[in-house]
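Asker: Numbering (my numbering), first residue to last: 701 to 1111.
For glycine and all other residues, C-beta sits at the position ideal for the given N, C-alpha and C.
All values derive from a computational prediction rather than experimental measurement.
Please find one structure pasted underneath; my questions will follow.
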């Protein structure tokens, strides 16, 4: 008997009709003789609605109370899904993160999973039940509820698969796999049958919202093969694993496997910072202190013993950034700062970039030919990211997708 972990996102259980569809999908896996553990997100826009409601009552609520509030979204989903399966004649039980054995590190709103004691879940599976587990949450050593941050249910599913030593970890979402670009924008994008952990990690980090980056990191660390599929059909999805199979008849290797974009970009520039030892450390320690997750960083060359530093983070961190910068201005004699929230990040990703020179030059040439201005650049071995005006995103995605041979008719 196989142990199968399935994860269903918020859009998959967004209303009663979709909840029933998900229940039938779970029932199929159980009918095939599998022991099935399911991780579920909050229904539809529940999390956003709860955040909006909290803001009406308190513009700056304590993070502990936010975790207490937001964790209820997943608890609604698991109970309703368990009820649906029970009505269909299946034994099912809903379990909160605590009941499922998820121990977290105590960081409100962005906790990390320290361990998962799966004994309760195993017992329920052995009793012939389908275990429906709340994603996105756990408890610390004091019993305080911690949430895992946006997309945290993906990480919950991978951690549960590791703890149960599951044979399969399926991530169901509203798309039927990982595409070479967002198919809603790039009509010639196509589904990637297999992708490596490293490529998927870069795609996820750069804005491809199919999987949360931390879930991919965890899957890579423990060798959990992920199957990204649609909850709305039975199409084959995308397999995420260490080694990707190569088609023997493939005439050419794709240097770039995908183009990702991220609209959640806030660019902060600090001007006229004294060029002396420890300044960068002081700046980013202050940002870390208020919980700002910095992405790209660029420092200009020195002029008159001063330089400029720019960095990016998420737009939802603007209040924390402004607090940090105001505090910095009391100790760091910078001239002024700017915050821009009308930018986006465009990235190309591909393991083939390691052995093929000229990829960056080609990307920049495409931008130049299409009159797309680049504000910042960041690179890794298998990724190049550029910050551009958010109004240029569609053009940038389509042009890069074509330039790197990713359009559907070319493959």
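Return the first residue and the last residue of the alpha helix (DSSP H) that residue 1036 is part of.
Answerer: Looking at the DSSP string, residue 1036 is not in any alpha helix (DSSP H); the run it does join, the beta strand (DSSP E), is 1036 to 1049.
Asker: Indicate the three-state DSSP secondary structure (helix, strand or coil) for residue 911 in the structure shown.
Answerer: Coil, per DSSP.
Asker: So residue 876 packs on residue 929, CB below 8 Å; how close in whole Å?
Answerer: Sure, about 6 Å apart at Cβ, within 8 Å.
Asker: How long is the line joining the alpha carbons of residue 948 and residue 893, rounded to whole angstroms?
Answerer: Any reading at residue 948 must be qualified, since the residue scores a pLDDT of 42, below 50, and its modelled position is unreliable; the value itself is stated next. Distance between the alpha carbons of residue 948 and residue 893 is about 15 Å.
Asker: By the three-class DSSP mapping on this structure, what secondary structure does residue 1006 have?
Answerer: Reduced to three states, the DSSP call for residue 1006 is strand.
Asker: Give me the Cβ distance between residue 931 and residue 969, rounded to the nearest whole Å; I'm assuming they're in contact under 8 Å.
Answerer: Residue 931 to residue 969, Cβ: 42 Å. No contact.
Asker: Tell me which residue opens and which closes the alpha helix (DSSP H) that residue 787 is part of.
Answerer: 763 to 787 is the span of the alpha helix (DSSP H), which, as asked, contains residue 787.
Asker: Which whole-angstrom value is the C-beta distance of residue 963 and residue 1092, which I expect to be below 8 Å?
Answerer: With a Cβ gap of about 12 Å, residue 963 and residue 1092 do not count as contacting.
Asker: Are the stretch 804 to 813 and the stretch 825 to 832 touching, with three or more C-beta to C-beta distances below 8 Å?
Answerer: No, because fewer than three Cβ pairs between the stretch 804 to 813 and the stretch 825 to 832 fall closer than 8 Å, the two stretches do not touch.
Asker: Tell whether a beta-carbon distance below 8 Å holds between residue 1022 and residue 1054.
Answerer: No.
Asker: Just the Cα atoms here: how many angstroms apart are residue 845 and residue 782?
Answerer: The straight-line gap from Cα to Cα measures roughly 22 Å.
Asker: Classify residue 1068 as helix, strand or coil using the three-state DSSP reduction.
Answerer: The answer is helix: DSSP assigns residue 1068 an H, G or I state.
Asker: Skipping 5 residues on each side, what residues in its chain have a beta carbon closer than 6 Å to that of residue 1087?
Answerer: Answer for residue 1087: 1043, 1045, 1075, 1076, listed in chain order.
Asker: Of all the options 803, 857, 1099, 1104, which has the alpha carbon lying nearest to the alpha carbon of residue 915?
Answerer: It is 857 whose Cα lies nearest to the Cα of residue 915.
Asker: Hey, how far is the Cα of residue 926 from the Cα of residue 818?
Answerer: Cα to Cα, the separation comes out at about 20 Å.
Asker: For residue 811, I'd like the list of residues in its chain whose CB is within less than 7 Å of its CB, leaving aside the five on either flank, ordered along the chain.
Answerer: If we look at residue 811 and ignore the five residues flanking it on each side, its Cβ neighbours are 804, 805, 838, 846, 847, 848.
Asker: Residues in the same chain with beta-carbon distance under 6 Å from residue 1060, minus the five sequence neighbours each way, listed in chain order, please.
Answerer: Correct list, in chain order: 1084.
Asker: Which ranges does the beta strand (DSSP E) cover as unbroken runs of at least 3 residues, wholly within the stretch 807 to 889, from first to last along the chain?
Answerer: Runs of the beta strand (DSSP E) inside the stretch 807 to 889: 813 to 816, 830 to 834, 837 to 839, 845 to 847, 868 to 873.
Asker: Mind checking which residues open and close the beta strand (DSSP E) that includes residue 1091?
Answerer: From DSSP, residue 1091 is part of no beta strand (DSSP E); its letter is neither H nor E.
Asker: With burial defined as no fewer than 16 other Cβ atoms inside 10 Å of the residue's Cβ, what is the status of residue 1099: buried or exposed?
Answerer: With 16 or more other Cβ atoms within 10 Å, it is buried.
Asker: In the DSSP assignment, what residue or residues form a beta bridge with residue 974?
Answerer: BP columns for residue 974 point to 1006.
Asker: For residue 722, name the three-state secondary structure that DSSP assigns.
Answerer: If DSSP states are grouped into helix, strand and coil, residue 722 belongs with the helices.
Asker: Would you mind working out which of 1003, 988, 870 sits nearest residue 1020, comparing C-alpha positions?
Answerer: Residue 1020 has its Cα closest to that of 988, out of 1003, 988, 870.
Asker: Between residue 1016 and residue 717, what straight-line distance do the alpha-carbon atoms span, to the nearest angstrom?
Answerer: C-alpha separation (whole angstroms): 32 Å.
Asker: Excluding the 5 residues flanking residue 1095 on each side, which residues of the same chain have their C-beta closer than 7 Å to its C-beta?
Answerer: If we look at residue 1095 and ignore the five residues flanking it on each side, its Cβ neighbours are 1070, 1072.
Asker: For residue 767, which residues from the same chain have a beta carbon less than 7 Å from its beta carbon, with the 5 sequence-adjacent residues on both sides left out?
Answerer: Taken in chain order, the residues that qualify are 808, 809, 845, 846, 847.
Asker: Is it buried or exposed for residue 755, if we count other Cβ within 10 angstroms and need 16 for buried?
Answerer: Answer is exposed; the Cβ neighbour count stays below 16.
Asker: State the CB to CB distance for the pair residue 1056 and residue 895, rounded to an integer number of angstroms; the pair is presumed to be in contact (CB under 8 Å).
Answerer: 18 Å between Cβ atoms; not a contact.
Asker: Ordered along the chain, which non-local residues of its own chain (more than five positions away) have a Cβ less than 6 Å from that of residue 704?
Answerer: 729, 734, 736, 868.
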